[in-house]
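Position 97 of the sequence shown, counted from 1, bears residue number 101 in our numbering, the numbering being contiguous throughout.
Even for Gly, the Cβ is constructed at its ideal location relative to N, Cα and C.
One structure below.
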Amino acid sequence: MNPHAPEQFPSNAREALTDRTLRTALRSATDLFAQRRAAAIDAVPDWQQLREQARAIKAEVLDDLHGHVEKFAAAATAAGAAVHRAADAAAACAIVRQIAAANSAKRLVKSKSMATEEIHLNAALAADGAEPVETDLGEWIIQLAGETPSHIIVPAIHKTREAIGQLFVDKLGIPPSSDPQVLAAHARDRLRAHFAAADLGISGVNFGVAETGTILVLENEGNARMTTTLPKVHVAVMGIEKVIPRFADLAVFLKLLPRSGTGQHLTSYQSLLTGPDPVGGEGPRELHIVLLDNGRSKIAADPVMRQTLACIRCGACLNACPVYQSVGGHAYGSVYPGPIGAILSPQLHGGERAAKLPFASSLCGACKDVCPVKIDIPTLLLELRQRAMQPGKQSSWFERLGWRLWAWSMAGPRRYRLATAIARIGQKLPFVARIAPPLAAWRSSRELPKAAPRPFRSTFRSEP
Ligand code: SF4
5 MNPHAPEQFP SNAREALTDR TLRTALRSAT DLFAQRRAAA IDAVPDWQQL
55 REQARAIKAE VLDDLHGHVE KFAAAATAAG AAVHRAADAA AACAIVRQIA
105 AANSAKRLVK SKSMATEEIH LNAALAADGA EPVETDLGEW IIQLAGETPS
155 HIIVPAIHKT REAIGQLFVD KLGIPPSSDP QVLAAHARDR LRAHFAAADL
205 GISGVNFGVA ETGTILVLEN EGNARMTTTL PKVHVAVMGI EKVIPRFADL
255 AVFLKLLPRS GTGQHLTSYQ SLLTGPDPVG GEGPRELHIV LLDNGRSKIA
305 ADPVMRQTLA CIRCGACLNA CPVYQSVGGH AYGSVYPGPI GAILSPQLHG
355 GERAAKLPFA SSLCGACKDV CPVKIDIPTL LLELRQRAMQ PGKQSSWFER
405 LGWRLWAWSM AGPRRYRLAT AIARIGQKLP FVARIAPPLA AWRSSRELPK
455 AAPRPFRSTF RSEP
């Protein structure tokens with residue numbers, strides 16, 4: 005399934021709902037991650053306290069985002085990194101292209117990074133004939149398939165291993181197999197050659213420490229470590245909200261992020277990079293850090309929506325969301341899918357484009373319950389829904405009439421009794437719902453709650 009535009013979410017979702025293979029793949033993967041997460045957090049007695057600590061650290065950063073970013077930039081520069089600032093996606097892409105051109109870099113490798121997906125870096129580099137090779141297995145599969153990721157930590161979550169086996173047959177000409185070990189071995193063979201030849205490596209950043217100028221990259225396959233150390237030039241694209249004040253704060257986030265995302269106690273690799281290695285012995289000679297704003301300053305200035313930037317991209321809210329579990333990531337038509345995408349994408353895209361995404365939620369609250377940094381996603385969804393409405397066009401005449409009648413009926417006990425009596429009669433007349441088109445549309449996928457056949461008061465009075 006190809007990505008669609010965010011404004012087409014309703015039709016994208018309808019299409020996704022007819023794809024049984026997609027739903028089976030999503031359900032089994034999200035269930036597995038949810039089980040692993042539950043087991044991993046059970047083993048941490050102070051889990052809720054850790055969540056509070058993480059939230060407090062993020063609140064400290066967001067209270068003075070630019071102060072922390074400046075501190076990080078100064079420390080990273082002092083450690084020898086070149087720090088660049090990008091106001092938007094175009095500026096970030098231009099910076100990376102300039103670095104590649106200055107180093108005559110044509111062979112590029114890249115580790116998984118949502119920030120680079122957000123700015124569509126691969127397409128920008130391809131314009132210079134230098135498309136980077138994705139080295140995370142899931143991202144590589146997606147690149148081979150010509151698709152976009154459908155999950156923020158498991159990019160190929162929508163694909164079954166049979167589908168991946170067929171993709172490898174078609175694209176790599178290998179014998180058919182759906183054995184993950186066999187498929188991973190083929191991928192490893194191909195990717196090693198790219199690592200060995202690469203002039204430039206591109207990564208994202210999980211956390212940037214203001215105190216030391218250190219960046220942390222988390223991963224499980226060793227590909228990010230090779231991407232950030234083998235090529236002579238490393239470019240790290242970091243959303244400015246990834247900054248944290250102190251090195252010691254990592255202890256909190258390292259307990260929360262892997263457990264929330266994949267149910268691991270810790271990712272297999274944690275690469276802490278403080279400046280380059282000028283002699284190129286154990287790291288790149290040049291380290292460039294691109295600090296990406298792209299709408300984040302605006303979000304940070306909004307006292308209600310600011311908490312969106314506390315997200316540590318663990319993916320737990322996607323795995324817990326019944327909407328995501330049913331339609332997958334591509335239906336959102338946005339780099340960031342699921343509950344976090346439904347609040348982040350409208351703020352990053354702005355305007356009408358992603359305005360429908362906050363409505364792609366049942367408001368069940370599962371996302372809030374699992375979020376390791378306690379982002380109140382349901383409240384933010386409601387806020388964005390309200391903001392998406394045009395003044396004066398907030399609802400249809402029928403809806404406004406309904407709310408007026410409801411308000412009238414709730415204004416006194418007699419009115420309430422009259423309204424419930426009418427409801428009891430009305431529900432015996434199914435044509436009432438059929439002749440009112442808005443009700444008919446609403447009822448096509450929902451059951452109307454039934455009024456009790458007898459009011460509680462009269463039952464109560466008649467009981468001895
Ligand atoms: S909103 Fe919370 S649960 Fe969702 S990806 Fe971000 S940190 Fe994880």
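Annotated three-state conformation of MET230 is helix, per DSSP. Taking 8 Å as the cut-off, the beta carbon of TRP412 is found closer than this to the beta carbon of ARG419. Counting other Cβ atoms within 10 Å of its Cβ, ASP140 reaches 16 or more and is therefore classed as buried.
Shown here for THR278: same chain residues with a beta carbon closer than 7 Å to its own, the five before and five after excluded, namely ALA83, THR216, GLY217, THR218 in chain order.
Within the model, the alpha-carbon separation for ALA33 versus ALA127 is close to 29 Å. SER207 sits in a strand when the DSSP states are folded into three classes. For ILE316, the secondary structure class from DSSP, reduced to helix, strand or coil, is coil. Comparing C-alpha distances from ALA191 to each of ILE161, PHE172, ALA200, GLY342 shows the shortest one belongs to PHE172. About 6 Å separates the beta carbon of LYS259 from that of LEU54, a gap short enough to meet the 8 Å contact definition. Pairing ARG59 with ALA252 gives a Cβ-Cβ distance that is not under 8 Å. Of all alpha-carbon atoms in LEU386, SER338, SER462, the one lying nearest the alpha-carbon of ILE156 is that of SER338. In this structure ALA320 does not touch ALA346 by the C-beta definition: roughly 15 Å separates them, more than the 8 Å allowed.
Per DSSP, reduced to three states, the secondary structure at TYR336 is helical. In the structure shown, the three-state DSSP call for ILE45 is helix.
For MET118, the uninterrupted alpha helix (DSSP H) segment begins and ends at 118 to 122. Just so you know, the alpha carbons of LYS110 and GLY205 end up roughly 11 Å apart. VAL213 carries a strand assignment under DSSP once its states are collapsed to helix, strand and coil. Scanning its chain for C-beta atoms nearer than 7 Å, with the 5 sequence neighbours on each side dropped, one finds around ASN323 the residues THR34, PHE37, ALA38, in chain order. Burial of LYS360 is indicated by the presence of at least 16 other C-beta atoms within 10 angstroms of its C-beta. Per the C-alpha coordinates, the member of VAL374, SER400, ARG408 positioned closest to ARG41 is VAL374. Short of 8 Å from the beta carbon of VAL256, and not among the five residues preceding or following it, lie these beta carbons of its own chain, in chain order: LEU54, GLN57, ALA58, ILE61. Not one heavy atom of the ligand SF4 is found less than 7 Å from the C-beta of ILE45. According to the DSSP assignment, ALA86 belongs to the beta strand (DSSP E) that extends over 86 to 90. DSSP, reduced to helix, strand and coil, places ALA202 outside both helices and strands of the structure shown, so it counts as coil.
Taking SER330 as reference, the option from LEU21, LEU385, PRO184 with the minimal CA-CA separation is LEU21. Linking ALA78 to ARG18 through their CA atoms gives a straight-line distance of about 49 Å. Per DSSP, reduced to three states, the secondary structure at HIS269 is coil, with no helix or strand assignment. With contacts defined as CB atoms closer than 8 Å, LEU291 and ALA47 fail to qualify as a contacting pair. VAL377 has its alpha-carbon roughly 16 Å from the corresponding atom of PRO249. The beta carbon of ALA93 sits closer than 6 Å to those of ILE123, ASN298, all from its chain and outside the five residues before and after it, given in chain order. In the assembly as shown, GLY267 is a buried residue. Its beta-carbon has 16 or more other beta-carbons within 10 Å. For ALA425, no beta strand (DSSP E) run applies; the uninterrupted alpha helix (DSSP H) run containing it begins and ends at 417 to 430, by DSSP.
Residue range 69 to 82 is occupied by the alpha helix (DSSP H) that includes HIS70. Shown here, MET242 sits in a strand according to DSSP, grouped into three states.
Close CB contacts of ASN224 within its chain, under the 8 Å cut and outside five residues either way in sequence, are with THR266, GLN268, THR271, SER272, TYR273 (chain order).
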